[in-house]
Amino acid sequence: MIELKTPQEIKEMRPAGKFVGSILKDLKAMTKVGTNLLEIDEFVKQRIEARNGAESCYVDYAPDFGTGPFAHYICTSVNDAVLHGVPYDYNLKDGDLISLDLAINVDGWVGDSAISFVVGKNQDPEDLRLIKCTEDALAAGIAQAKAGNRLGDISAAIGDIARSQGYTVNLEFGGHGVGHIMHGDPHVPNDGKAHHGYKLRPGLVIAIEPWFLKTTDEIYQDPKDGWTLRSSDGSRGAHTEHTIAITDGEPIILTARD
714 MIELKTPQEI
724 KEMRPAGKFV
734 GSILKDLKAM
744 TKVGTNLLEI
754 DEFVKQRIEA
764 RNGAESCYVD
774 YAPDFGTGPF
784 AHYICTSVND
794 AVLHGVPYDY
804 NLKDGDLISL
814 DLAINVDGWV
824 GDSAISFVVG
834 KNQDPEDLRL
844 IKCTEDALAA
854 GIAQAKAGNR
864 LGDISAAIGD
874 IARSQGYTVN
884 LEFGGHGVGH
894 IMHGDPHVPN
904 DGKAHHGYKL
914 RPGLVIAIEP
924 WFLKTTDEIY
934 QDPKDGWTLR
944 SSDGSRGAHT
954 EHTIAITDGE
964 PIILTARD
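Per our numbering, the very first residue in the sequence shown carries number 714; after that it's consecutive.
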């Protein structure tokens, strides 16, 4: 069921979004060559535990697309991993492409966001182009998130950006409704038909999350951890996400990292 939030409820969602955005901003600044993925996970754990009213959306999360409960505080997807990456004992190397996906509940409301970046000085221009494409697609999707438009307008804008830059789109995982829970209705595909689908209304809060792979749109679930989604051909992936609220005017980016 699609739920619409009141202006007061959107105001109440702001602290969760701001908290998630601030953690991701800090993580990007502190994540360097040699940083261990478990250090990143521990940093998020400590930040959550230090804040009254904050709870992880990931710990003990057990949806049907994972294998057993997720046991960590953040998703860390490196190189050919693009979604649901489980933190493990790995020190990041110069040139690694990492995606960090974080969802936290603060006082009953969820904020969900993701960033991708390359660690160190050995930055492959093709990695940077892929990351930029997800960011451009997110901006295009948000620009269509206005009352009176259709859900398909958001999806089509994302897909158009991907195709214009030579990437294909996987429709298995995409954006979603956000509120008291992390994953709710509606599903927001990363491609679709403009002027089709659910009519956007003020009060709708969704996560828009373009993710693309360099040379494929096929993924598989890593059997070692039962969660991490990797490209079928070993090519790298990138993922960018914001939680946004649709209003009578411009959309509000609740997870802004300014």
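The beta-carbon is built from N, C-alpha and C at its ideal position, and this holds for glycine as well.
In this text, all values refer to a predicted model and were calculated from it rather than measured experimentally.
(message) Please state the DSSP three-state secondary structure of Val757.
(response) On the sequence shown, residue 757 is found 44 positions in, with the first residue counted as 1. Three-state result, Val757: helix.
(message) Give me the residue from Thr881, Gly962, Ala869 with the minimum Cα distance to Lys906.
(response) Working through the sequence shown from its first residue, we reach residue 906 at position 193. Of the candidates Thr881, Gly962, Ala869, the one whose C-alpha sits nearest the C-alpha of Lys906 is Ala869.
(message) My assumption, with CB atoms under 8 Å, is that Thr941 sits in contact with Ser790. Please give the rounded CB distance.
(response) By one-based count along the sequence shown, residue 941 stands at place 228. By one-based count along the sequence shown, residue 790 stands at place 77. So it is a contact: roughly 7 Å between Cβ atoms.
(request) List the whole-angstrom C-beta distance separating Ala858 from Ile957, where the pair is believed to meet the contact cut-off of C-beta under 8 Å. (result) The sequence position of residue 858 within the sequence shown is 145, counting from 1. The sequence position of residue 957 within the sequence shown is 244, counting from 1. Indeed they touch by this definition, with Cβ atoms about 6 Å apart.
(request) Report the rounded CA-to-CA distance for Val799 versus Asp814, giving the unit in angstroms. (result) For this step, residue 799 is matched to residue 86 along the sequence shown. For this step, residue 814 is matched to residue 101 along the sequence shown. The alpha-carbon atoms of Val799 and Asp814 are separated by roughly 11 Å.
(message) So that I know if they touch, is there some Cβ in chain D lying closer than 8 Å to that of Ala856?
(response) Within the model displayed, chain D is absent; a lone protein chain is all it includes.
(request) Helix, strand or coil for Ile919, going by three-state DSSP, please let me know. (result) As a first step, residue 919 must be located in the sequence shown, where it is residue number 206. Looking at Ile919 - three-state DSSP - the assignment turns out to be strand.
(message) Any heavy atom of the ligand ZN inside 7 Å of the beta-carbon of Leu913?
(response) Among the ligands in the structure shown, none appear at all, so the ligand ZN cannot be discussed.
(message) For a test of the three-state rule: what should DSSP assign to Ile827, helix, strand or coil?
(response) Counting from one through the sequence shown, the residue named residue 827 turns up at place 114. Per the sequence shown, residue 827 should be read as Ala rather than Ile. Looking at Ala827 - three-state DSSP - the assignment turns out to be strand.
(message) In chain order, what are the residue ranges of uninterrupted alpha helix (DSSP H) at least 4 long that sit wholly in the segment 774-860?
(response) 838-856
(request) With distances taken Cα to Cα, identify the nearest neighbour of Ala827 among Glu839, Gly892, Ser735. (result) Here residue 827 corresponds to residue number 114 of the sequence shown, with the count starting at 1. When each option's Cα is compared against that of Ala827, the closest is Ser735.
(message) Pop quiz: Asn818 and Cys770 are said to be a contact at Cβ under 8 Å. What is the actual Cβ separation, rounded to whole angstroms?
(response) Within the sequence shown, residue 818 is the residue found at index 105, counting from 1. Within the sequence shown, residue 770 is the residue found at index 57, counting from 1. Confirmed, Cβ separation roughly 6 Å.
(message) Let's test the definition: count the other Cβ atoms within 10 Å of the Cβ of Glu972 and tell me whether it reaches 16, buried, or not, exposed.
(response) This structure does not reach residue 972, given that the chain is present from 714 up to 971, and the question cannot be answered.
(request) Look up Pro728 in the DSSP assignment and say whether it is helix, strand or coil. (result) As a position in the sequence shown, residue 728 is number 15, starting the count at 1. Three-state result, Pro728: helix.
(message) So Leu926 and Asn903 are supposed to be a Cβ contact under 8 Å. How far apart are they, rounded?
(response) To locate residue 926, count along the sequence shown from 1; it is residue 213. To locate residue 903, count along the sequence shown from 1; it is residue 190. Contact doesn't hold; Cβ gap of about 12 Å is too wide.
(message) My output table needs one value for Arg914: the three-state DSSP class, helix, strand or coil.
(response) Position 201 of the sequence shown, counted from the first residue, corresponds to residue 914. Correct three-state label for Arg914: coil.
(request) Pair every Cβ in the segment 752-772 with every Cβ in the segment 908-923, then say whether three or more of these pairs are closer than 8 Å. (result) no
(message) Along the chain, where does the beta strand (DSSP E) containing Ser945 start, and where does it finish?
(response) Locating residue 945 in the sequence shown gives position 232, where the first residue counts as 1. Unbroken run through Ser945: none, as it is neither H nor E.
(request) Could you check the C-alpha separation between Asp898 and Leu851 for me, to the nearest Å? (result) The count along the sequence shown starts at 1 and reaches residue 898 at position 185. The count along the sequence shown starts at 1 and reaches residue 851 at position 138. One C-alpha to the other measures close to 19 Å.
(message) Going by the DSSP bridge assignment, what does Thr956 pair with across the sheet?
(response) Counting from one through the sequence shown, the residue named residue 956 turns up at place 243. Beta-bridge pairing links Thr956 to Ala920.
(request) Please report how far the alpha carbon of Pro964 lies from the alpha carbon of Ile855, in whole angstroms. (result) If you number the sequence shown from 1, residue 964 lands on position 251. If you number the sequence shown from 1, residue 855 lands on position 142. Computed Cα separation, rounded: 7 Å.
(request) List the residues that DSSP assigns as beta-bridge partners of Arg863. (result) Along the sequence shown, one-based indexing puts residue 863 at 150. For Arg863, which the question treats as bridged, DSSP gives the partners Lys912.
(request) Could you tell me the distance, in whole angstroms, from the CA atom of Arg934 to the CA atom of Arg943? (result) Along the sequence shown, read from residue 1 onward, the residue named residue 934 stands at position 221. Along the sequence shown, read from residue 1 onward, the residue named residue 943 stands at position 230. The amino acid occupying residue 934 in the given sequence is Gln; Arg does not appear at that position. Each residue's alpha carbon lies about 6 Å from the other.
(request) In the DSSP assignment, find the beta strand (DSSP E) that holds Ile932 and state where it starts and stops. (result) In the sequence shown, the residue the question calls residue 932 occupies position 219. Unbroken beta strand (DSSP E) run through Ile932: 932-934.
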